[in-house]
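Reviewing the structure listed below.
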Amino acid sequence: MTRNSPTTYYVDATGGLAGLEHDLVERFAQSLGFKVKFVVANQFDHIIPAVARRQVHMAAAGLTVTASREKQVRFGPPYLRVHQEVIYNTHAAKPRKIQDLIGENIVVVAGSSYVTRLKQLKQRYPKLQWKAVPVMESEELLAMVANGKADAAIVDSNIFDIAKNYYPDLDAAFPISGPQKLAWAFPKDGDDFLYAKAVDFFARIRKSGALRRLIDRYYGHVDRLETSDVAGILAKMDTLLPRYIALFHKAQERTGIDWRLLAALSYQESHWNPLATSRTGVRGIMMLTNVTADQLGVTNRLEPRQSIPAGARYLARIQDLIPAQITEPDRTWMALAAYNVGYAHLMDARLLARRMKLNPDYWTNIKRVLPLLSRHAYYAHLKYGYARGGEAVIFVENIRTYYDILAKFRAPYRPPLSLPHLETASK
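According to this note's numbering, the sequence shown is numbered sequentially starting from 1.
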């Protein structure tokens, strides 16, 4: 059993299933030769009882290990540590201690570990009150705080790490717990085989680095943006982006690259300003160099009708160069890094990763070594020399966040069937 949320299990921007819990469970099932049937809970507080009653084999739903839950279910090895945070609207005064929450409208998910923690705090602060809301996901409560329908919400830090990029007016005030473990839940009297295999599975993926890479996939980019960056793209999605959506759609038709990724790249480069110019001479809404523009047949880099399709074709060319064994999403992140720093320097970074005994096919390793390209001790022994590799890492991680924002608020583009295809179908 799981729950539909951005930290566990959801339909991603491509229409496929994603989420940290989804990916972990799929890998676990593959290791056993099993197929997975995901059962999505209707309410959060249904999950633990369903496991305890053996209605499901296990739950992978971002569950915090608590003493009260351990009386009902058996938890597997922890895979992530979080803490509970008080989230408030920055248009109001920032609460700095528990006493500041007394008399405030505090909302939490019914049946969650937050309720357990608040009950503990109430023993010290008897006047503390809250409302347990029967919703599935804490993001619904964050929306209440953003809209002024609640004064604060209690959520796990990993949940807010993702949600804060959609709510620029919200911020974390202070934690109300120490580090807490997230783990899968199994029936106490369930099959020992599945539990034992889960213990082995987590030991194996922790040792291999696969767990770290999966966590990085979902959380490795979330701390890059400032509140002003998030507010900026949310505002410009309504003001500037509509002018260029048709061009991004057309670029997707020609390259197959999600228009929202191209738009995120463009926003990182120019904030959708077609007249943007950098100190190094790159120009336009896609910030093309003069050399790249010439190669792509662009006569005016400041003309979005030329710049947007050219930037898309350039990214597609880089993607085609990326070694075939590199899978998504690492392939895309590396192509974006090369868009910024150059493909040759990306190859230097891959070589350096090998020298450091790191697998060069994983973005988590490449982003560790890219900043080293600006240090003489490293670049002096590489073919293409010095590069601002650290900037490339920030470039990619920002785009990842901008893409997440666009994917949340803007629909995917489904290109129309080509005329020849329609003619063939009619025959």
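Glycine residues also receive a C-beta, built at the ideal position from the N, C-alpha and C atoms.
query, result
"Identify whether residue 186 lies in helix, strand or coil by the three-state DSSP scheme.", "strand"
"Please report the distance separating the alpha-carbon of residue 46 from that of residue 181.", "20 angstroms"
"Use the C-beta contact count for residue 269: other C-beta atoms within 10 angstroms, 16 or more gives buried, fewer gives exposed.", "buried"
"Roughly how many angstroms separate the alpha carbons of residue 123 and residue 258, rounded to a whole number?", "52 angstroms"
"What's the gap between the Cα of residue 496 and the Cα of residue 159?", "Limits of the chain in this structure are 1 at one end and 427 at the other, which puts residue 496 out of reach."
"If we require 4 or more residues per run, which alpha helix (DSSP H) segments fall completely within the stretch 131 to 186?", "138 to 146 and 157 to 163"
"Going by alpha carbons, who is nearest to residue 241 out of 164, 262 and 99?", "262"
"From which residue to which residue does the alpha helix (DSSP H) around residue 308 run?", "304 to 321"
"Can we count residue 146 as close to the ligand GDP, meaning its CB is less than 7 angstroms from some heavy atom?", "The ligand content of the structure shown is nil, which means the ligand GDP is not present either."
"In or out: residue 101 buried (at least 16 other Cβ within 10 Å) or exposed?", "buried"
"From the DSSP output, in three-state form, read off residue 362 for me.", "coil"
"Using three-state DSSP, classify residue 89 as helix, strand or coil.", "strand"
"Is DSSP giving residue 386 helix, strand or coil here?", "coil"
"As a quick exercise: from 205, 144, 188 and 99, pick the residue whose alpha carbon is nearest that of residue 174.", "99"
"Would you give the residue range spanned by the beta strand (DSSP E) that residue 75 belongs to?", "73 to 75"
"Report the option in 311, 248, 353 and 236 whose CA atom is closest to the CA atom of residue 405.", "236"
"Leaving out five residues before and five after residue 91 in sequence, what residues of the same chain have Cβ atoms less than 7 angstroms from its Cβ?", "169"
"For a test of the three-state rule: what should DSSP assign to residue 62, helix, strand or coil?", "strand"
"Are residue 183 and residue 63 close, meaning C-beta to C-beta below 8 angstroms?", "yes"
"Could you have a look at residue 299 and say whether DSSP puts it in helix, strand or coil?", "coil"
"Let's test the definition: count the other Cβ atoms within 10 Å of the Cβ of residue 397 and tell me whether it reaches 16, buried, or not, exposed.", "buried"
"What would DSSP say about residue 257, mapped onto helix, strand or coil?", "coil"
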